[in-house]
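For reference, the structure is listed below as C-alpha coordinates.
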Amino acid sequence: LARKADGTVWSWGLNANGQLGTGNTGNRLTPGQVSGLTGAAAIGGGTGDFSLAMKPDGTVWAWGLNNYGQLGYQIPTGCPTPLQVGGLTSVAAVRAGIGHTLALKSDGTVWTWGMNNYGQLGDGGAVPERATPLQVSGLTGIKAIASGGNFVMALKSDGTVWALGWNAWGML
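According to this note's numbering, the residues represented by the sequence shown are 51 to 222, in order.
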(Lines of atoms letter the chains of each structure in order from A and count residues from 1; the text may use other names and numbers.)
(Lines give C-alpha, C1' and ligand atoms only; values in the text may rest on other atoms or scores of the structure.)
Protein backbone atom coordinates (compact mmCIF):
# COMPACT_ATOMS: atom_id res chain seq x y z
CA LEU A 1 0.00 0.00 0.00
CA ALA A 2 1.03 3.58 -0.58
CA ARG A 3 -0.65 6.85 0.34
CA LYS A 4 -0.16 9.86 -1.89
CA ALA A 5 0.00 13.42 -0.56
CA ASP A 6 -3.52 14.00 -1.92
CA GLY A 7 -4.89 11.29 0.43
CA THR A 8 -5.53 8.65 -2.22
CA VAL A 9 -4.41 5.11 -1.46
CA TRP A 10 -2.69 2.93 -4.05
CA SER A 11 -2.13 -0.82 -3.98
CA TRP A 12 -0.52 -3.59 -6.00
CA GLY A 13 0.53 -7.25 -5.66
CA LEU A 14 -1.29 -10.38 -4.54
CA ASN A 15 -5.01 -9.88 -4.06
CA ALA A 16 -6.40 -13.32 -3.22
CA ASN A 17 -8.59 -11.91 -0.43
CA GLY A 18 -9.42 -8.46 -1.78
CA GLN A 19 -6.72 -6.74 0.27
CA LEU A 20 -5.89 -4.38 -2.62
CA GLY A 21 -9.33 -2.75 -2.43
CA THR A 22 -10.06 -3.11 -6.13
CA GLY A 23 -13.55 -4.58 -5.76
CA ASN A 24 -12.33 -7.99 -6.91
CA THR A 25 -9.63 -10.57 -6.13
CA GLY A 26 -7.49 -10.21 -9.23
CA ASN A 27 -3.78 -9.59 -8.68
CA ARG A 28 -2.34 -6.26 -9.78
CA LEU A 29 1.21 -5.89 -11.11
CA THR A 30 1.26 -2.10 -11.15
CA PRO A 31 -0.05 0.44 -8.62
CA GLY A 32 -3.73 1.33 -8.90
CA GLN A 33 -6.02 3.44 -6.74
CA VAL A 34 -8.06 1.76 -4.01
CA SER A 35 -11.73 1.95 -4.98
CA GLY A 36 -13.88 4.59 -3.29
CA LEU A 37 -11.32 5.76 -0.73
CA THR A 38 -10.09 9.34 -0.62
CA GLY A 39 -8.72 11.61 2.06
CA ALA A 40 -6.66 8.99 3.90
CA ALA A 41 -4.34 10.35 6.59
CA ALA A 42 -2.67 7.00 7.40
CA ILE A 43 -2.65 3.43 6.08
CA GLY A 44 -1.72 -0.02 7.33
CA GLY A 45 -1.48 -3.48 5.90
CA GLY A 46 -1.97 -6.63 7.90
CA THR A 47 0.16 -9.67 7.23
CA GLY A 48 -3.12 -11.58 7.21
CA ASP A 49 -4.29 -10.19 3.83
CA PHE A 50 -6.21 -7.13 4.98
CA SER A 51 -5.70 -3.38 4.74
CA LEU A 52 -6.62 -0.29 6.76
CA ALA A 53 -6.92 3.45 6.30
CA MET A 54 -7.59 6.24 8.76
CA LYS A 55 -9.16 9.49 7.66
CA PRO A 56 -8.48 12.93 9.21
CA ASP A 57 -11.95 12.85 10.81
CA GLY A 58 -10.80 9.93 12.98
CA THR A 59 -12.73 7.20 11.16
CA VAL A 60 -11.17 3.86 10.22
CA TRP A 61 -11.77 1.99 6.98
CA ALA A 62 -10.89 -1.69 6.35
CA TRP A 63 -10.98 -4.21 3.51
CA GLY A 64 -9.68 -7.67 2.57
CA LEU A 65 -9.78 -10.93 4.51
CA ASN A 66 -12.02 -11.00 7.58
CA ASN A 67 -11.64 -14.56 8.88
CA TYR A 68 -11.12 -13.35 12.48
CA GLY A 69 -13.19 -10.16 12.41
CA GLN A 70 -10.08 -8.03 11.83
CA LEU A 71 -12.05 -5.69 9.55
CA GLY A 72 -14.28 -4.69 12.46
CA TYR A 73 -17.56 -5.86 10.97
CA GLN A 74 -19.55 -9.07 10.55
CA ILE A 75 -18.73 -10.20 7.01
CA PRO A 76 -17.19 -13.68 7.34
CA THR A 77 -15.56 -13.79 3.94
CA GLY A 78 -14.27 -10.23 3.95
CA CYS A 79 -14.77 -7.39 1.56
CA PRO A 80 -12.77 -6.29 -1.53
CA THR A 81 -13.63 -2.60 -1.07
CA PRO A 82 -13.17 -0.28 1.93
CA LEU A 83 -15.95 -0.18 4.53
CA GLN A 84 -16.01 2.03 7.61
CA VAL A 85 -15.36 0.30 10.93
CA GLY A 86 -18.46 1.01 13.01
CA GLY A 87 -18.49 2.42 16.51
CA LEU A 88 -15.05 3.98 16.22
CA THR A 89 -14.41 7.73 16.11
CA SER A 90 -11.63 10.12 17.13
CA VAL A 91 -8.90 7.66 16.08
CA ALA A 92 -5.36 9.05 15.99
CA ALA A 93 -3.48 5.91 14.79
CA VAL A 94 -4.20 2.41 13.48
CA ARG A 95 -2.02 -0.68 13.29
CA ALA A 96 -2.53 -4.17 11.87
CA GLY A 97 -1.14 -7.52 12.99
CA ILE A 98 -1.54 -10.97 11.47
CA GLY A 99 -5.29 -11.16 12.08
CA HIS A 100 -5.94 -8.38 14.55
CA THR A 101 -6.30 -4.61 14.45
CA LEU A 102 -5.75 -1.90 17.00
CA ALA A 103 -6.57 1.78 17.15
CA LEU A 104 -5.31 4.57 19.37
CA LYS A 105 -7.99 7.16 20.04
CA SER A 106 -7.17 10.82 20.62
CA ASP A 107 -8.13 10.42 24.29
CA GLY A 108 -5.22 7.97 24.82
CA THR A 109 -7.31 4.78 24.92
CA VAL A 110 -6.54 1.66 22.86
CA TRP A 111 -9.20 -0.32 21.02
CA THR A 112 -8.70 -3.82 19.55
CA TRP A 113 -10.54 -6.38 17.42
CA GLY A 114 -9.90 -9.51 15.35
CA MET A 115 -7.88 -12.62 16.23
CA ASN A 116 -7.23 -13.20 19.93
CA ASN A 117 -5.53 -16.61 20.03
CA TYR A 118 -2.69 -15.25 22.21
CA GLY A 119 -4.58 -12.60 24.18
CA GLN A 120 -3.38 -9.82 21.87
CA LEU A 121 -6.74 -8.04 22.19
CA GLY A 122 -6.02 -7.35 25.84
CA ASP A 123 -9.03 -9.10 27.31
CA GLY A 124 -7.11 -12.00 28.84
CA GLY A 125 -8.03 -14.26 25.92
CA ALA A 126 -11.71 -14.26 26.88
CA VAL A 127 -12.79 -14.91 23.29
CA PRO A 128 -10.83 -16.42 20.36
CA GLU A 129 -11.89 -13.59 18.05
CA ARG A 130 -14.00 -10.44 18.07
CA ALA A 131 -15.42 -8.51 15.10
CA THR A 132 -16.24 -5.30 16.95
CA PRO A 133 -13.79 -2.81 18.48
CA LEU A 134 -13.54 -2.91 22.27
CA GLN A 135 -11.50 -0.69 24.55
CA VAL A 136 -8.57 -2.41 26.28
CA SER A 137 -9.40 -2.13 29.97
CA GLY A 138 -6.82 -0.37 32.12
CA LEU A 139 -4.74 0.87 29.20
CA THR A 140 -5.03 4.67 29.20
CA GLY A 141 -2.69 7.60 28.68
CA ILE A 142 -1.24 5.97 25.57
CA LYS A 143 0.64 8.10 23.04
CA ALA A 144 1.86 5.46 20.53
CA ILE A 145 0.97 1.90 19.49
CA ALA A 146 2.65 -0.88 17.51
CA SER A 147 1.65 -4.37 16.48
CA GLY A 148 3.71 -7.45 15.81
CA GLY A 149 2.46 -10.73 14.46
CA ASN A 150 0.43 -11.78 17.48
CA PHE A 151 1.25 -9.09 19.99
CA VAL A 152 0.58 -5.42 20.73
CA MET A 153 2.83 -2.74 22.26
CA ALA A 154 1.71 0.58 23.74
CA LEU A 155 3.80 3.54 24.90
CA LYS A 156 2.26 5.49 27.78
CA SER A 157 2.76 9.22 28.20
CA ASP A 158 4.86 8.48 31.32
CA GLY A 159 7.40 6.61 29.17
CA THR A 160 6.45 3.08 30.22
CA VAL A 161 5.80 0.39 27.61
CA TRP A 162 2.91 -2.05 27.92
CA ALA A 163 2.62 -5.32 25.99
CA LEU A 164 -0.15 -7.83 25.23
CA GLY A 165 -0.23 -11.17 23.46
CA TRP A 166 2.26 -13.78 22.33
CA ASN A 167 5.56 -14.01 24.18
CA ALA A 168 7.10 -17.19 22.71
CA TRP A 169 10.53 -15.57 22.24
CA GLY A 170 10.36 -12.94 24.97
CA MET A 171 9.16 -10.09 22.76
CA LEU A 172 6.89 -8.80 25.52
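All C-beta atoms in this analysis are idealised placements derived from N, C-alpha and C, irrespective of residue type, glycine included. Bear in mind the structure is a predicted one, so any value in this text is a computation, not a measurement.
For the beta strand (DSSP E) holding residue i, just list the boundary residues, first then last.
i, result
"G96", "A92 to G96"
"T80", "R78 to Q83"
"M104", "F100 to M104"
"S61", "V59 to G63"
"V135", "No beta strand (DSSP E) contains V135, which DSSP labels as neither H nor E."
"L115", "Counting along the chain, L115 falls outside any beta strand (DSSP E), and DSSP gives it neither H nor E."
Give every residue of the same chain whose Cβ lies closer than 8 Å to the Cβ of residue i, excluding the five residues on either side of it in the sequence, and list them in chain order.
i, result
"N74", "N65, G68 and P130"
"P126", "N116 and N117"
Skipping 5 residues on each side, what residues in its chain have a beta carbon closer than 6 Å to that of residue i?
i, result
"Y118", "G149, G164, M165 and E179"
"M22", "Residue coverage of the chain in this structure runs from 51 to 222, which leaves residue 22 outside it and unanswerable."
"A213", "M203 and L222"
"Q124", "A181"
"N77", "L64 and N65"
"P106", "A91"
"V84", "V59, S61 and G71"
"G128", "N67, G68, G114, L115 and N116"
Less than 9 Å separating the beta-carbons of residue i and residue j?
i, j, result
"W220", "N200", "Reading off the sequence, residue 220 comes out as Gly, not Trp. Cβ atoms of G220 and N200: not closer than 9 Å."
"G96", "T151", "yes"
"V160", "V211", "no"
"W62", "G82", "yes"
"G122", "G89", "no"
"G191", "D208", "yes"
"N167", "G174", "no"
Drop a sphere of 10 angstroms on the beta-carbon of residue i, count the other beta-carbons inside from all chains shown, and report buried for 16 or more, exposed for fewer.
i, result
"Q8", "Absent from the structure is residue 8, since the part of the chain shown begins at 51 and ends at 222."
"S156", "exposed"
"V59", "buried"
"V177", "exposed"
Got a sec? Which residues, its chain only, sit under 7 Å from residue i by beta carbon, not counting five neighbours each side?
i, result
"G137", "T182 and P183"
Unbroken alpha helix (DSSP H) runs of length 4 or more, entirely within the segment 144 to 180: which are they? Listed in chain order, nothing qualifies, since the segment 144 to 180 has no complete alpha helix (DSSP H) run of 4 or more residues.
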